[in-house]
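Taking this note's numbering, the leading residue of the sequence shown gets 400, the next gets one more, and so forth.
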Amino acid sequence: MDTVDQYAVFGNPIKHSKSPQIHAAFAEQTGQTLHYRAHKVELGRFAEVAAEFFRNGGRGLNITVPFKLDAFEFADELSGRARLAGAVNTLASGEDGRIYGDNTDGVGMVRDMNDNLGWQISGRRVLVLGAGGAVRGILGPMLKQRPERLLVVNRTASKAESLAELFADMGDVSGGGYELLSEGQFDLIVNGTSASMSGDLPPLPGSILSNDCCAYDMMYGADPTPFMRWAASEAAWAVSDGLGMLVEQAAESFCIWRGVRPDTKPVIEMIRQSLSN
Numbered sequence: 400m401d402t403v404d405q406y407a408v409f410g411n412p413i414k415h416s417k418s419p420q421i422h423a424a425f426a427e428q429t430g431q432t433l434h435y436r437a438h439k440v441e442l443g444r445f446a447e448v449a450a451e452f453f454r455n456g457g458r459g460l461n462i463t464v465p466f467k468l469d470a471f472e473f474a475d476e477l478s479g480r481a482r483l484a485g486a487v488n489t490l491a492s493g494e495d496g497r498i499y500g501d502n503t504d505g506v507g508m509v510r511d512m513n514d515n516l517g518w519q520i521s522g523r524r525v526l527v528l529g530a531g532g533a534v535r536g537i538l539g540p541m542l543k544q545r546p547e548r549l550l551v552v553n554r555t556a557s558k559a560e561s562l563a564e565l566f567a568d569m570g571d572v573s574g575g576g577y578e579l580l581s582e583g584q585f586d587l588i589v590n591g592t593s594a595s596m597s598g599d600l601p602p603l604p605g606s607i608l609s610n611d612c613c614a615y616d617m618m619y620g621a622d623p624t625p626f627m628r629w630a631a632s633e634a635a636w637a638v639s640d641g642l643g644m645l646v647e648q649a650a651e652s653f654c655i656w657r658g659v660r661p662d663t664k665p666v667i668e669m670i671r672q673s674l675s676n
C-alpha cells in the first residue's frame with residue numbers, strides 16, 4: 400500500500416498544468432516525500448471526485464479553472480482571504496478530517512511583485528483590468544498593501560462597480576468602464592482579463608502610464624503577451640507576466656500543506672526555461 404502523502408491539481412483542461420513540476424521541485428528542495436499529480440475532472444463531478452480523493456487519504460489539492468467556486472462550496476472551513484476572493488484554489492485535509500479552503504492567488508501575485516520583481520504597491524496608483532474571478536482573487540491582498548488608490552475597469556462597467564463595492568472597506572477602490580481611463584495616470588497596471596489568451600488587447604490609451612509605470616499580466620507564456628508588448632511600446636518602466644505568481648501561489652499552498660516555505664526563484668527560472676524549450 401502506498402503510504403506517501405498524496406496531492407493533486409484538479410482542473411479541466413489540465414494537460415498543460417505546470418503544478419506537478421513545480422511541486423516536485425519544491426519537494427526535492429525541502430527534502431519532503433510526497434506524490435503530486437494532475438487530474439482532469441469531468442464537469443459537474445468536482446464534489447464527488449474531491450470527496451473520494453480525501454476519503455482515500457489525500458492530503459491536499461490545488462484547484463484551477465473551472466472549479467474554484469466548486470472548491471469554495473466544498474470546503475468545511477474557509478480562510479479570510481478565500482471568503483474575500485469568493486473562490487478557493489487550495490484545499491487541505493486537517494487532522495480532524497475537516498477540509499480547509501484557502502485562496503493563495505492574490506498573495507502569490509503580491510509576493511512576486513514585491514520580492515521577485517522589486518515593485519511596490521504601497522502608495523501607488525493601481526489600475527486593474529477585468530472584473531472576473533481572477534481579479535476578485537487578487538483585490539484583497541493588493542488592497543492590504545495600501546495603494547494610494549485602486550481602479551477596476553471592465554467592458555461591462557456594472558461588474559467592475561459591484562466588485563469595487565465588495566472591497567470598499569479596505570481602501571480607496573472604485574470601478575467602472577474603460578471610459579474612465581480618458582484622464583489620469585497609473586503607476587501599476589494589472590491585466591486580469593483573458594484577452595491575452597486570444598491575442599487581444601483591452602482598449603487602453605497610452606496616456607495612462609506614469610513615468611515609472613509597471614505593467615503585469617496575470618497570464619504567462621513562452622512569449623510576451625499582447626498586453627506586455629503594448630506596455631513596453633508605451634515605455635512602461637517594467638513589464639512582467641504572471642509566471643512568478645503561478646510559482647508563488649504554489650509555494651503558499653505547499654507551505655499550508657507541509658509547513659515549510661520553498662525558495663521560489665530557482666523554480667521560476669526552471670519553469671521559464673521549460674516554456675522556451
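Don't be surprised by glycine CBs; every beta carbon is placed ideally from N, CA and C. Note that the coordinates shown come from a computational prediction; the quantities given were computed from them, not determined experimentally.
For the pair residue 571 and residue 538, the CB atoms are not nearer than the 8 Å cut-off. Cβ neighbours of residue 403 within its own chain (closer than 7 Å, five residues either side excluded): 432, 433 and 434.
Counted as a single uninterrupted DSSP element, the beta strand (DSSP E) harbouring residue 589 occupies residues 585-590. Residue 589 counts as buried, since at least 16 other C-beta atoms from the protein chains shown sit within 10 angstroms of its C-beta. Between residue 656 and residue 504, the alpha-carbon positions lie close to 16 Å from each other. 586 is the residue among 413, 444 and 586 whose C-alpha sits nearest the C-alpha of residue 635. Under DSSP, residue 435 shares a beta bridge with 406. Sequence-distant partners of residue 644 (beyond 5 residues in either direction) whose C-beta falls short of 6 Å from its own C-beta, in its chain, are 507, 508 and 511. With contacts defined by Cβ atoms closer than 8 Å, residue 453 and residue 469 do not form a contacting pair. The C-alpha of residue 463 is placed about 14 Å away from the C-alpha of residue 534.
DSSP, read as helix, strand or coil, puts residue 498 in strand. Judged by DSSP secondary structure, residue 421 falls within the alpha helix (DSSP H) whose first and last residues are 418-429. Residue 649 and residue 418 have their C-alpha atoms some 7 Å from each other. Going by beta carbons, residue 530 and residue 580 fall outside the 8 Å limit.
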